[in-house]
Amino acid sequence: MSGISELRHRFIHQVPVETPDGMGGVSRNFLAVDSLWGAVETSASAAEIADRPGAVLTHQVNVRAPATVQPGDRLLLGARCFLVETVHDRDGRGRRLVCGCREETP
252 MSGISELRHR
262 FIHQVPVETP
272 DGMGGVSRNF
282 LAVDSLWGAV
292 ETSASAAEIA
302 DRPGAVLTHQ
312 VNVRAPATVQ
322 PGDRLLLGAR
332 CFLVETVHDR
342 DGRGRRLVCG
352 CREETP
C-alpha cells in the first residue's frame, strides 16, 4: 500500500456500546461514529481446530490516520463486517493504520 488511490473503499467505523440489560448483565450494541477510506487485503494464518491443522481467514484493513480505531471496534464495508483485533501504525510516521481484522458473518 503506497498510494492514496489504493484507499478506495469507504468503511463505516462502529464502536461498541454496552448498556445495562436490567438483569445484572449488559447488552452490547455498536454505534457508527465516522466513515474512513481504506483498503482491505485477505490473509490467512495457520490454526488448530479440534486438534486438526487448518487455516483461519483474516484480513488487514489499511486506513488513513489519524483514525480512532481500537481493538473491539467494527469496520463495515457494505454487507461485510470486520471485527478489529489489532491496530498498529504502518510505518511509524502516523500516516496509515493497519487493522488486523476477522470477518464476521451474520
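Residue numbers (our numbering): 252 to 357.
Beta carbons: idealized from backbone N, C-alpha and C, even for Gly.
Closest Cα partner of residue i within the set the options
i      : options                           : result
LEU327 : ASP342, GLY345, ILE263 and ARG346 : ILE263
GLU269 : LEU348, GLY323 and VAL338         : GLY323
THR356 : CYS332, HIS339, THR337 and CYS350 : CYS332
ARG325 : ALA283, LEU258 and ASN313         : ALA283
GLY289 : PRO317, GLU336 and ARG344         : PRO317
Alpha-carbon to alpha-carbon, residue j and residue i
i      : j      : result
LEU287 : ARG315 : 7 Å
LEU348 : THR293 : 16 Å
THR319 : ASP342 : 17 Å
HIS310 : LEU334 : 10 Å
GLY276 : PRO267 : 15 Å
Boundaries of the beta strand (DSSP E) in which residue i is found, first to last residue
i      : result
GLY351 : 347-355
Per DSSP, cross-strand counterpart(s) of residue i
i      : result
GLN321 : According to DSSP, GLN321 bridges with nothing at all.
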